[in-house]
Amino acid sequence: GGEGEGGGEGGGAAARAQAPDPAALLGSISSCFDSYMSIYVSLEDKQIGEALAKLLEGETWQVAAAGRPDGRVFTSSKELFIALKRSFKRGTALQMDAVLFELQRVWGKHLRAYAKRVQEKLPPPRAPAGGG
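So for the sequence shown, my numbering puts the first residue at 29; every next one is plus one.
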């Protein structure tokens, strides 16, 4: 009788000893989605691109010469950085390094596109007055 009971308890201890460590499981389920995350990155890219196009369409390219510092910044610039911050928050919530790496490329692409557009709106640089 005592052997059977002891075997039952020993079996329970063996089962507990073989139970996976919760830390080892961390990320194993989410890693199943890794190959599909390019769809998420593409969606973020499209969403930021559409937002940027809308912002540029509505931009007046006028800023206040004086006054509050935030009045001396293009509205599209402020709104673009808000959109990028939201994208960053969504991306970091996923806790997937590869996704964040791909998202930083998307953000850089849109920031470069915006910088190019701003540069097109700037007056041409003047030659220095001294002649050199």
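Where is the CB? At the ideal position from N, CA and C, for every residue including glycine.
Predicted model only: the values in this text are computed from it and were never measured.
Inter-segment contact for the stretch 117–127 and the stretch 136–154 is absent: fewer than three beta-carbon pairs are separated by less than 8 Å. With 16 or more other Cβ atoms inside 10 Å of its own Cβ, Ile76 counts as buried. Contact between Trp135 and Leu112 is confirmed by a C-beta separation of about 5 Å, below the 8 Å threshold. Beyond the five residues adjoining it in sequence on each side, Arg100 comes within less than 6 Å, by CB distance, of Val91, Ala92 in the same chain, given in chain order. Residue environment analysis places Ser59 among the exposed positions, since fewer than 16 neighbouring C-beta atoms fall within 10 angstroms of its C-beta.
In the structure shown, Ala52 adopts helical secondary structure according to DSSP, grouped into three states. In this structure, Ser105 is the residue among Lys117, Ser105, Asp98, Ser63 with its C-alpha nearest to the C-alpha of Lys82.
Counting other Cβ atoms within 10 Å of its Cβ, Gly119 reaches 16 or more and is therefore classed as buried. Secondary structure at Phe116: helix, using DSSP grouped into helix, strand and coil. Apart from the 5 residues on each side of it in sequence, Leu131 sits with its Cβ closer than 7 Å to the Cβ of Val69, Glu72, Ser115, Gly119 in its chain, given in chain order.
In the DSSP assignment, Trp89 falls outside any alpha helix (DSSP H) and carries neither an H nor an E. Sequence-distant Cβ neighbours of Arg145 in its own chain, meaning closer than 8 Å and more than five residues away, are Leu84.
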